[in-house]
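Chemist: Going line by line, the protein sequences match chains A, B, C and D. Counting along the first sequence from 1, when you hit position 116 you're at 116 in this note's numbering, and nothing is skipped either side. Start counting at 1 in the second sequence, then tack on 1000, and there's your number in this note's numbering. Start counting at 1 in the third sequence, then tack on 2000, and there's your number in this note's numbering. Start counting at 1 in the fourth sequence, then tack on 3000, and there's your number in this note's numbering. For every residue, glycine included, the Cβ atom is placed at its ideal position computed from N, Cα and C. Here the structure is a predicted model, which is why all the values come from computation and not from measurement.
Protein chains: 4
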Amino acid sequence: MSLVIPILLGTAREGRQSEKAARFVLEHMQAREGIETLLIDPRDFLGSAQTKAMPTEAAKRWSQTMARADGLVIVTPEYNHGYPGELKLMLDQLYSEYAQKAVAICGVSEGWTGGVRVVKQLVGIVHTLKMYPIRNALYFPNVGTLFDAEGQITDDRYVEMTQTMLDELVWLAEALKQKRES
Amino acid sequence: MSLVIPILLGTAREGRQSEKAARFVLEHMQAREGIETLLIDPRDFLGSAQTKAMPTEAAKRWSQTMARADGLVIVTPEYNHGYPGELKLMLDQLYSEYAQKAVAICGVSEGWTGGVRVVKQLVGIVHTLKMYPIRNALYFPNVGTLFDAEGQITDDRYVEMTQTMLDELVWLAEALKQKRES
Amino acid sequence: MSLVIPILLGTAREGRQSEKAARFVLEHMQAREGIETLLIDPRDFLGSAQTKAMPTEAAKRWSQTMARADGLVIVTPEYNHGYPGELKLMLDQLYSEYAQKAVAICGVSEGWTGGVRVVKQLVGIVHTLKMYPIRNALYFPNVGTLFDAEGQITDDRYVEMTQTMLDELVWLAEALKQKRES
Amino acid sequence: MSLVIPILLGTAREGRQSEKAARFVLEHMQAREGIETLLIDPRDFLGSAQTKAMPTEAAKRWSQTMARADGLVIVTPEYNHGYPGELKLMLDQLYSEYAQKAVAICGVSEGWTGGVRVVKQLVGIVHTLKMYPIRNALYFPNVGTLFDAEGQITDDRYVEMTQTMLDELVWLAEALKQKRES
């Protein structure tokens, strides 16, 4: 079964380190047969400074991306034990497009906690969006040193952990897709 | 497809009102074709006063019940915006038995909030247990008057809301069962 | 004791209804002796569409406002059971300015829940900011009808509930200010 | 100012490792001038296996302990990313005794996360109890190796971290006590 699963980066901040984590996951998803993916960068979508309303064209593009998706991977830094404003602006933009699809949530932190708190908080949010979050997650603690200057991960165990997460994500996405189409 | 979906009552307190809500859901699940259900009462399982360890026989019975289940409905009161201790003792007893199964969570409250906070908090817990929580829920606010003296619900809209919730639960339980068995 | 307690509105969306709730609280705080207050509107602060970085001048203004504050009231709608992106962008902008100050959190919703979930989620966020959140809160459910066309509240009980909340907020803000200055 | 601050252990499980963490904190609180403390063990309080109702005498003792306390330290393991049932049974037993007092929450885990999730979840619970939780916390990850066979901590940095936490706890407890008594 072929699945469409985009990756949503959680932050638009300058100097964001979590883009490295998102690109690491992207690379492994691209290498895996049967998954069509792309990186969604909030910078390409977010709207006017004042009202935060997303421009019509960007809103349409984001809606179409999720409408044809079978799942989603969120890779996000943890800010003050919560999710970044940019990520929530992206998520709040759509609604029915998310329904009955699988989602994996990955946390990134400068410190040792790997963003486990923001992952749990987002479990509650995606639940509202009628998505089904998987248990497995990737946590990227100490992001400043976990990736080297070229953005390569320095801990090999993440390769296997990524496969384990993708296994559960694909399992669930396939189960849901099969049911949606039956 | 035939599904096994028990109902877990969240409290063992004397005078518990939420038993009425659990029995209401039970009745509607029993009336629905293709669901085999039963009410799990923590009073029949919980263990010694001191260590809270569940007796061996009860632990085995609870494990066997969930092992053959395709899903679970939790009906629980909200105590101080969280879950009752008894409910957590029940949930913490098992682990692998829950994996990749569907779960619906229903909240009960004496006041007007219907337990929406405990439902959300439990979404985070069942996520850890590798269950997939559905979006629909039943909220039973003002439980002291929502049910009459005979324990009958006084608001007819709950009949339809129950069907809507069960529809999503069955949909997901079927999708997961089909995949588990394939 | 004289206290400085601004009100932070949680949303910049067009057509936002929660501004009415914020203005209701503002009015009652202005009427109360010993409190200096003002309404903080994210529209006057939020930054560039792309990176969301707050302009230097706005950042300075927001920092100075909170630095001299003894407490804060947050009035926010609940979006998908969480906080709006705009509110998080505002909160994430500062850090030490919040420390050891009192905070009250008020929720607004279109439906019946009054935003109790976003209030609880924000309790976890302000805790990270080293603020001390009070227990009392104002919940504004069904905001579309709770306020009339002129923005006047239609339920008189909110007047007394506002005083109860402000009593606890002032109590805590005074206790903390006294200790900070001793 | 002299303060009464008990320590509440979050679990009654056999073989509980978090008792070591609680005893470590106890020792440092006993060594500090101006704090009267004691360890509250749920095993000495929890009630009947069936209804979980606390025996009258134990309930009275727990009530009296918290009534004269100026604050509380909770030391708890994280079970399935949430709080143990025993801890919630203890907390749900009382209400007015907690009001307007300071609380510190410490997490313990077998894995690397140190219980940061249960600490955050409890912030939301103690908020309901009208306590004021401090920002600082002690996290005890990898508890199986963090303490040696004699129960001594093997990482010296915890001594200083404990002092930092107690500094904030005492600061807040004093501020609140002064205000309560004025």
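What is the DSSP secondary structure of residue 45 of chain A, reduced to helix, strand or coil?
Modeler: Three-state result, residue 45 of chain A: coil.
Chemist: Tell me which residues share the same chain as residue 168 of chain A and place their Cβ nearer than 6 angstroms to its Cβ, disregarding the 5 neighbours each side in the sequence.
Modeler: 134 and 136.
Chemist: Whose Cβ in chain A lies nearer than 7 angstroms to the Cβ of residue 2139 of chain C?
Modeler: By Cβ distance, chain A contributes nothing, its closest Cβ being about 18 angstroms from residue 2139 of chain C, past 7 angstroms.
Chemist: If residue 2003 of chain C sits next to residue 2170 of chain C, beta carbons under 8 angstroms apart, how far is it from one beta carbon to the other, in whole angstroms?
Modeler: Contact flag correct, Cβ pair sits at about 6 angstroms.
Chemist: Pop quiz: residue 158 of chain A and residue 118 of chain A are said to be a contact at Cβ under 8 angstroms. What is the actual Cβ separation, rounded to whole angstroms?
Modeler: Between residue 118 of chain A and residue 158 of chain A the Cβ distance is about 18 angstroms, and since that is not below 8 angstroms, they are no contact.
Chemist: Going along chain D, which residues have a C-beta under 7 angstroms from residue 88 of chain A?
Modeler: Chain D residues near residue 88 of chain A: none, gap ~18 angstroms exceeds 7 angstroms.
Chemist: To the nearest angstrom, how far is the alpha carbon of residue 3072 of chain D from that of residue 3099 of chain D?
Modeler: Approximately 11 angstroms between the Cα atoms of the pair.
Chemist: So what's residue 146 of chain A in DSSP terms, helix, strand or just coil?
Modeler: Looking at residue 146 of chain A - three-state DSSP - the assignment turns out to be helix.
Chemist: Taking the alpha-carbon of residue 2163 of chain C as reference, which of C/2080, C/2027, C/2076 and C/2065 has the nearest alpha-carbon?
Modeler: The candidate whose alpha carbon is nearest that of residue 2163 of chain C is C/2027.
Chemist: Just to confirm, is the Cβ distance from residue 1021 of chain B to residue 1108 of chain B under 8 angstroms?
Modeler: Cβ atoms of residue 1021 of chain B and residue 1108 of chain B: closer than 8 angstroms.
Chemist: Under 8 angstroms between C-beta atoms, does residue 2069 of chain C make it to chain D?
Modeler: For residue 2069 of chain C, the answer is no, since every Cβ of chain D falls outside 8 angstroms of its Cβ.
Chemist: Measure the alpha-carbon distance for residue 183 of chain A versus residue 77 of chain A and round it to whole angstroms.
Modeler: In the structure as shown, chain A starts at 1 and stops at 182, and residue 183 of chain A therefore has no counterpart that could be examined.
Chemist: Report, in whole angstroms, the separation of the C-beta atoms of residue 105 of chain A and residue 74 of chain A, which I expect to be a contact under 8 angstroms.
Modeler: Right, their Cβ atoms sit about 5 angstroms apart.
Chemist: In its own chain, which residues sit with a C-beta less than 8 angstroms from the C-beta of residue 112 of chain A, not counting the 5 before and 5 after it?
Modeler: Excluding sequence neighbours, residue 112 of chain A sits near 141 and 142.
Chemist: Check the Cβ of residue 3116 of chain D against every Cβ in chain A and list those closer than 9 angstroms, keeping chain order.
Modeler: Within chain A, the residues near residue 3116 of chain D are 81, 113, 116 and 117.
Chemist: Quick check: is the beta carbon of residue 3130 of chain D nearer than 8 angstroms to any beta carbon in chain A?
Modeler: Not an interface residue.
Chemist: By a C-beta neighbour count over all protein chains shown, 10 Å radius and 16 as the cutoff for buried, is residue 2144 of chain C buried or exposed?
Modeler: The residue in question, residue 2144 of chain C, is exposed, as its Cβ has fewer than 16 Cβ neighbours within 10 Å.
Chemist: Using a C-beta to C-beta distance shorter than 7 angstroms, which residues of chain E count as neighbours of residue 1123 of chain B?
Modeler: Absence of chain E from the displayed structure is noted, the protein chains being A, B, C and D.
Chemist: Check this for me: beta carbons of residue 1090 of chain B and residue 1055 of chain B, under 8 angstroms apart or not?
Modeler: Their beta carbons are not under 8 angstroms apart, which means residue 1090 of chain B does not touch residue 1055 of chain B by this criterion.
Chemist: Run through the DSSP bridge pairs and tell me what residue 2107 of chain C is partnered with.
Modeler: Bridge partners of residue 2107 of chain C: C/2076 and C/2139.
Chemist: So what does residue 3153 of chain D bridge to, in DSSP terms?
Modeler: Paired residues: D/3147.
Chemist: Under a CB-based cut-off of 8 angstroms, is residue 1097 of chain B close to chain D?
Modeler: Output row for residue 1097 of chain B: interface = no.
Chemist: Residue 178 of chain A touches chain B at which residues, Cβ-Cβ below 8 angstroms?
Modeler: 1175, 1178 and 1179, listed in chain order.
Chemist: Determine, using beta carbons only, whether residue 3181 of chain D and residue 2179 of chain C come nearer to each other than 8 angstroms.
Modeler: Contact flag unset, no.
Chemist: Does DSSP classify residue 1967 of chain C as helix, strand or coil?
Modeler: Any answer about residue 1967 of chain C is impossible in this case: the structure gives chain C only from 2001 up to 2182.
Chemist: Against chain D, with Cβ distances strictly below 8 angstroms, would residue 1014 of chain B count as a contact?
Modeler: Residue 1014 of chain B counts as touching chain D.
Chemist: Are the Cβ atoms of residue 2093 of chain C and residue 2069 of chain C separated by less than 8 angstroms?
Modeler: No, the pair does not count as a contact, with Cβ atoms beyond the cut-off.
Chemist: Quick one, which of D/3066, D/3160 and D/3150 has its alpha-carbon nearest residue 3096 of chain D's?
Modeler: It is D/3066.
Chemist: Can you tell me the Cα-Cα spacing of residue 172 of chain A and residue 1102 of chain B, whole angstroms?
Modeler: In a straight line, the C-alpha of residue 172 of chain A is about 12 angstroms away from that of residue 1102 of chain B.
Chemist: In angstroms, rounded to a whole number, what distance separates the CA positions of residue 19 of chain A and residue 2044 of chain C?
Modeler: Taking the straight line from one Cα to the other gives about 29 angstroms.
Chemist: Considering only the alpha carbon of each residue, which of D/3116, D/3080 and D/3037 lies closest to residue 1131 of chain B?
Modeler: It is D/3080.
Chemist: Could you give the residue range of the alpha helix (DSSP H) that holds residue 125 of chain A?
Modeler: Here the alpha helix (DSSP H) through residue 125 of chain A covers 116-128.
Chemist: List the residues of chain A that residue 3120 of chain D touches, going by C-beta distances under 7 angstroms, in chain order.
Modeler: Result: 81 and 117.
Chemist: How many Å lie between residue 17 of chain A and residue 3161 of chain D at the Cα?
Modeler: Cα to Cα, the separation comes out at about 28 angstroms.
Chemist: Quick test of your reading: residue 1146 of chain B and residue 1155 of chain B, contact by CB under 8 angstroms. State the CB separation rounded to the nearest angstrom.
Modeler: Indeed they touch by this definition, with Cβ atoms about 6 angstroms apart.
Chemist: Residue 2084 of chain C versus chain A: which residues are under 9 angstroms apart at the beta carbon?
Modeler: Under the 9 angstroms cutoff, chain A gives 52, 85, 88, 89 and 92.
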